[in-house]
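Everything in the sequence shown is counted per this note's numbering, starting at 3 for the first residue and increasing by one.
Below: one structure, written as structure tokens.
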Amino acid sequence: MALEHAILVSLSERSGSGYELARRFEKSIGLFWSATHQQIYRVLKRMEDAGWVAVEAVAQEGRPDKKVHTVSAEGRAELRRWLAEPNPSAGPQELAVKLRGASYGAGKAVAEELARHRAAHAERLDAYRQIEKRDFPSPAGLRGRARHQYLVLRGGIRAEEGQVDWLDEVLTALTGEDAGDPR
């Protein structure tokens, strides 16, 4: 995922200056996608050059004009394209940004993408549990390298359990949303 898409989601939620956008990243999208102020300003310039954002200068008393960025029609089209594009290698951060942007034109495609990722995580979880059962039937007695290997495997199991649980929660909520449930 490019930073451009995270910025498009954020600016779709609320227009703002580069400074305001950077502050928003620190408090919300930044919880799962971080970017420095300098990165945000560079990307905003590229997005403006690509026609994805429009910029309006707003006069400020005693300070330079503030540049307020809004998503253009081209930017909305790019966001819808990216949201609908499957990415089998998407990590949790990209999925979170896609979920956050789902209401901007590709909700069904995002839900389908999340369901595919849920199935892949469930498959990986099952494989890890089979390895655990086969290779570590008595973990309490493990020492040294075997204990370390087991603990790494347990980390993988816990990570996959977390992803499956979260994706189950998301898909349940989206199903309720589709049925008119205001969750």
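Note that the Cβ used here is the ideal one computed from N, Cα and C, for glycine as well.
Own chain partners of residue i with C-beta closer than 7 angstroms, once the 5 adjacent residues on each side are dropped
i	result
residue 130	155, 158, 159, 162
residue 55	13, 46, 49, 71, 72, 73, 74, 77
Cβ neighbour criterion (16 or more within 10 Å) applied to residue i
i	result
residue 93	exposed
residue 60	exposed
residue 119	buried
residue 16	exposed
residue 185	With a pLDDT of 37 at residue 185, under the threshold of 50, the modelled position of that residue is not reliable, and no figure is offered here.
residue 142	exposed
residue 153	exposed
residue 148	exposed
residue 125	exposed
residue 6	buried
residue 52	exposed
Residue from the options whose Cα sits closest to the Cα of residue i
i	options	result
residue 165	142, 15, 121	121
residue 80	25, 10, 97, 172	10
residue 102	30, 123, 128	30
residue 95	116, 109, 110, 108	116
residue 90	123, 66, 134	123
residue 41	23, 53, 51	23
residue 168	57, 97, 64	97
Per DSSP, cross-strand counterpart(s) of residue i
i	result
residue 71	18, 57
residue 62	65
Whole-angstrom C-beta distance between residue j and residue i, which should lie under 8 angstroms
i	j	result
residue 83	residue 106	Contact flag wrong, Cβ pair sits at about 11 angstroms.
residue 99	residue 4	With a Cβ gap of about 10 angstroms, residue 99 and residue 4 do not count as contacting.
residue 18	residue 26	7 angstroms
residue 85	residue 108	4 angstroms
Beta-carbon proximity list for residue i, same chain, < 6 angstroms, skipping 5 on both sides
i	result
residue 87	none
residue 170	none
residue 62	68
residue 113	176
residue 144	152
residue 138	152
residue 183	With a pLDDT of only 39 at residue 183, under the threshold of 50, the placement of this residue in the model should not be trusted, and no figure is reported.
residue 58	70
residue 37	5, 27
Same chain only: Cβ atoms within 8 angstroms of residue i, ignoring 5 sequence neighbours per side
i	result
residue 133	155
residue 173	113, 116, 117, 120
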